[in-house]
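For reference, the structure is listed below as structure tokens.
Numbering (the working numbering), first residue to last: 27 to 950.
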């Protein structure tokens, strides 16, 4: 019997438990309606399995709670079923929705909280199912690819490379490949609403699901028993962490991802490309694929508005990365070396290897003597063992034996590699040893390149303080913030001395508005040190965030490159320069449509400016997971960028739930890296450049009209009197600020008094929780209505990559909205004028997006994603209604509740926030 059939039988039995009547039969039918959703069978079976197990655990916990779970789910499903798919009409759906609300209103806060946790647990399990399906689908597709193909159609890097060869010739294609860089920067932005204790259970359940198809009999039963054990623990574990993580604890996010996927996945990506390009020669000759993956981090170094990130914290986080990286390399080097059991008679050492060995003997006769004891005539093995010993010495900073840099370590590995290759042991040289070299080239001794960020106003205030009180405070006490700014540069210097310049050379200036903001950073760096030779190497990166700053970016950059410090750095880097663009604040500043178009135009102007000034440009994209922060598929975003803005280098921020989703599973992480790297390479193809340039020019007038009309509509909403207070009332903004999901406050530490000071993440997070997703689409409907030419819009959607990606992302966002639930939230604010603006614009945007895409409902043309989201919505809706009703209690009766009652309601709201985040799979 299939899981779907078993679920149907269980549901029918559940109806019988409370007496079979027409209403219960309808509810039972509604509960089994999930099995009719058109999603792949494997995915459907696993979701049915987990729904059955959740219901079983709930029955064991409290049968009445399971009855309530069933009733709520049945009503939510009936309320969400499409009219053309069932006999249930609009009145029936409205009645079902009202029944669900009535059940929730009848619950005490205790049972409501446990039901919330049950639904949230199911979302985590549903996410596991989808991840499992994606992994299996990728493996199935790869198994079907014949090895005789010239390119791997599953590997986007080989596809891109072959297109470049076809369009540009092999020489130019190889030159572009050698420029390739994919630089994800992991941030600690508080958008991961799932606590670490929950993540561990998710990983274990995922592993149990992955092994399930290979089992049978008693082994399969044991697998299910362990699943029930983990699901029961998941239900009984609070989804809300006890306290906010410290920045040092946040660094564990990177360590977890590094250990689980990155360290082993990255060389696999490189090797897969070589396998297809070199064929039978792969692993026997020098590789083609460069080490193009360069991870960065803001964790423990992004101090913009986060007083918890100090210079001391940055030192501790950098040391945490360094130690873990060196320990990992030590183990990998020792393991690789132990397997080099090739003796001198079969594999003669080269002169360079003998020189390296003699150098090691001079360093330590004790270590080399020990290496010879276990290696005898196997000199390659002995050398590698000593190299691993030197890495251990580097951890402890033992001066006589330590490596001064990762480059020195890699140089020693290459000596061993060349010796092996010269002696004919090419498979060893370009197999396991090349893997180790790739890992060292990718991660160095630092693991991730830490990037420091601070607000421009902090720098100007610090300089004013120093000018008033003296560099060392000789004319009075310097402010604590000024001391912290100076100590930050000292921390960067310290990190560079221990971990290398690459470990911490980037310094980003939030809210860059003038060249003086860049000059300030260089001046402060010099003021922090008594001796000029101690000043660290810095690449100071201007971050343009607000619309006005983006529009003035080229004028600002014109003056920035005239600064003597910048000119010196350009001369050292071959005129390489990084510029960062902020998606978040520009979206909150002018609305999603205007922000998208302004950012595109800004990139185009900066790329042209870079070409005119002989600048080797690297644009960094401050994107988030949500559409309102530039979210969506990264590979499609790359391919829609203007000519010259990518140049085979793509850098973006990765945060919160996005880090776990993209890098949590090795197969999916590899697919993501290959997809983005392939798009980054392909973006330089003449055909892609031509399409982006031609369509941008062709639809310039359309862009102008949409920008103007959408911005006007968006600013009208934000400019309505009392909007800020209303926003705080109709969304869980205040409650989200209480969630212990990140070390950074929801507001900047420069006097947050309005929406201007509110960080974009809680702005977007709040609207998604309120089931409007306003930050992703508001203004587009009015802009399309004013433009009026549907055929032109459809033409742009078909031809213009930027507009295609933008509309698709908005359609995805609209698929997660619900007008009935949105009205419940909006009713909390008692502002019919604002309610009407939001709901009218939502309806208008939905109408135009569906007309442009030609769909009857959002994501209709997405074979898997559309049905999966529709199947999730009944579950999400239960939690959203639960949250809205709890918020209504807090808003209307909050001052009458006892402290204990208030605390219980806040906890319930926080549980719903976590659950809705898991269900919608995007927060900020």
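Virtual Cβ for every residue (Gly too), placed ideally from N, Cα, C.
Since we're looking at a predicted model, the values are computed, not measured.
Taking the beta carbon of residue i as the centre, do at least 16 other beta carbons fall within 10 Å, making it buried, or is it exposed?
i, result
"residue 814", "exposed"
"residue 181", "buried"
"residue 716", "exposed"
"residue 677", "buried"
"residue 451", "buried"
"residue 557", "exposed"
"residue 629", "buried"
"residue 465", "buried"
"residue 945", "buried"
"residue 459", "buried"
"residue 816", "exposed"
"residue 736", "buried"
"residue 575", "buried"
"residue 365", "exposed"
"residue 874", "buried"
Leaving aside the five residues before and after residue i along the sequence, list all residues of the same chain whose C-beta is less than 7 Å from its C-beta, in chain order.
i, result
"residue 357", "none"
"residue 144", "80, 84, 95 and 261"
"residue 310", "452, 453 and 456"
"residue 359", "410, 413, 414, 417 and 462"
"residue 843", "797, 798, 799 and 868"
"residue 820", "878"
"residue 73", "152 and 155"
With a threshold of 8 Å on Cβ separation, who are the neighbours of residue i within its own chain once the five nearest residues in sequence on each side are excluded?
i, result
"residue 585", "540 and 541"
"residue 680", "210, 211, 212, 213, 688 and 689"
"residue 762", "772, 788, 791, 792, 795 and 939"
"residue 668", "626, 629, 630, 633, 718, 719 and 722"
Leaving out five residues on either side along the sequence, give the residues of the same chain with a beta carbon under 6 Å from the beta carbon of residue i.
i, result
"residue 454", "446"
"residue 904", "98, 102 and 145"
"residue 695", "287, 291 and 689"
"residue 205", "674"
"residue 326", "273, 277, 339, 340 and 343"
"residue 857", "752"
"residue 404", "367 and 369"
"residue 671", "629, 633 and 645"
"residue 495", "501, 502 and 504"
"residue 420", "352, 428 and 429"
"residue 518", "530 and 562"
"residue 468", "292, 317 and 319"
"residue 743", "863"
"residue 731", "813"
Does the CB of residue i have a neighbour CB from chain C at under 8 Å?
i, result
"residue 413", "The structure shown contains no chain C, having only a single protein chain."
Which one or two residues does DSSP pair with residue i in a beta bridge?
i, result
"residue 565", "532"
"residue 458", "Partner(s): none; residue 458 has no beta bridge."
"residue 675", "207"
"residue 734", "Paired residues: none, contrary to the question."
"residue 647", "607 and 678"
"residue 602", "642"
"residue 328", "479"
"residue 322", "211 and 475"
Next on the checklist: Taking contact to mean 3 or more Cβ pairs, one atom from each stretch, closer than 8 Å, check whether the region 827 to 836 and the region 661 to 669 are in contact.
Outcome noted: yes
Checklist entry - Counting Cβ pairs, one atom from each stretch, are 3 or more of them under 8 Å apart for the region 882 to 890 and the region 86 to 98? => result no
Next on the checklist: When you compare the region 623 to 642 with the region 682 to 696, are there three or more beta-carbon pairs, one atom per stretch, that lie closer than 8 Å?
Outcome noted: no
Item to check | Complete alpha helix (DSSP H) runs within the region 696 to 732 (minimum length 4 residues, chain order) | outcome: You should have 712 to 724.
Checklist entry - Which runs of the beta strand (DSSP E) fall wholly inside the region 390 to 434 and span at least 3 residues, in chain order? => result none
Next on the checklist: Three or more C-beta pairs under 8 Å: does that hold for the region 261 to 273 against the region 926 to 943?
Outcome noted: Counting Cβ pairs under 8 Å, three or more are found: they touch.
Checklist entry - Given 8 Å as the limit, is there contact between the region 339 to 348 and the region 406 to 419, that is, 3 or more CB pairs closer than that? => result no
Next on the checklist: Ignoring anything shorter than 3 residues, give me the beta strand (DSSP E) runs that lie fully in the region 538 to 592, in order along the chain.
Outcome noted: 565 to 570
Next on the checklist: Check whether the region 857 to 874 and the region 808 to 822 are in contact - that is, three or more C-beta pairs closer than 8 Å.
Outcome noted: yes
Checklist entry - Does the region 904 to 916 come within contact of the region 126 to 133, defined as at least 3 CB pairs closer than 8 Å? => result yes
Checklist entry - Should the region 518 to 538 be regarded as contacting the region 474 to 488, the criterion being three or more beta carbon pairs within less than 8 Å? => result Flag = yes, the region 518 to 538 and the region 474 to 488 touch.
Checklist entry - How about the region 231 to 244 and the region 192 to 203: do they share at least three Cβ pairs that are nearer than 8 Å? => result With fewer than three CB-CB distances shorter than 8 Å, the region 231 to 244 does not count as touching the region 192 to 203.
Checklist entry - Considering only residues of the region 898 to 923, which uninterrupted alpha helix (DSSP H) runs meet the minimum length of 4 residues and lie entirely inside it, listed in chain order? => result none
Checklist entry - In the region 91 to 168, which residue ranges form an unbroken alpha helix (DSSP H) of at least 4 residues, counting only runs that do not cross its ends? => result 116 to 132
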